[in-house]
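Q: Numbering (my numbering), first residue to last: 390 to 434.
From the three backbone atoms N, C-alpha and C, an ideal C-beta is built for every residue, glycine too.
Handing you this structure, nothing more for now.
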C-alpha cells in the first residue's frame with residue numbers, strides 16, 4: 390500500500406509477486422514515498 394504523506398492513510402494498494410517487491414521499494418525510496426508491505430492473504434486449497 391502506498392501511504393498518504395499527510396495522514397498515513399492508504400492511497401492505493403497492489404498485489405505483486407516477491408520478485409517485484411524490490412523494484413517497488415526502490416521506486417518509492419527514490420521519490421520519498423512511504424509504503425506498507427505485508428503478505429497477501431491466500432486461501433487454503
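Nearest-angstrom Cα distance between residue 395 and residue 412?
A: On the chain shown, residue 395 is found 6 positions in, with the first residue counted as 1. On the chain shown, residue 412 is found 23 positions in, with the first residue counted as 1. Rounded to whole angstroms, residue 395 to residue 412 spans 24 Å at the Cα level.
Q: Enumerate in chain order the residues of its own chain whose CB-to-CB distance from residue 405 is below 7 Å, with the five nearest sequence positions on each side excluded.
A: As a first step, residue 405 is located in the chain shown; it is residue number 16 there, counting from the start. Same-chain partners within the cutoff: 413.
Q: Between residue 392 and residue 431, what straight-line distance do the alpha-carbon atoms span, to the nearest angstrom?
A: The residue given as residue 392 occupies position 3 in the chain shown. The residue given as residue 431 occupies position 42 in the chain shown. Taking the straight line from one Cα to the other gives about 23 Å.
Q: In angstroms with no decimal places, state the Cα-to-Cα distance between residue 410 and residue 419.
A: Walking along the chain shown from the start, residue 410 turns up at place 21. Walking along the chain shown from the start, residue 419 turns up at place 30. Cα-Cα distance, rounded: 14 Å.
Q: Specify the secondary structure class of residue 399 as computed by DSSP and reduced to three states.
A: The count along the chain shown starts at 1 and reaches residue 399 at position 10. Correct three-state label for residue 399: strand.
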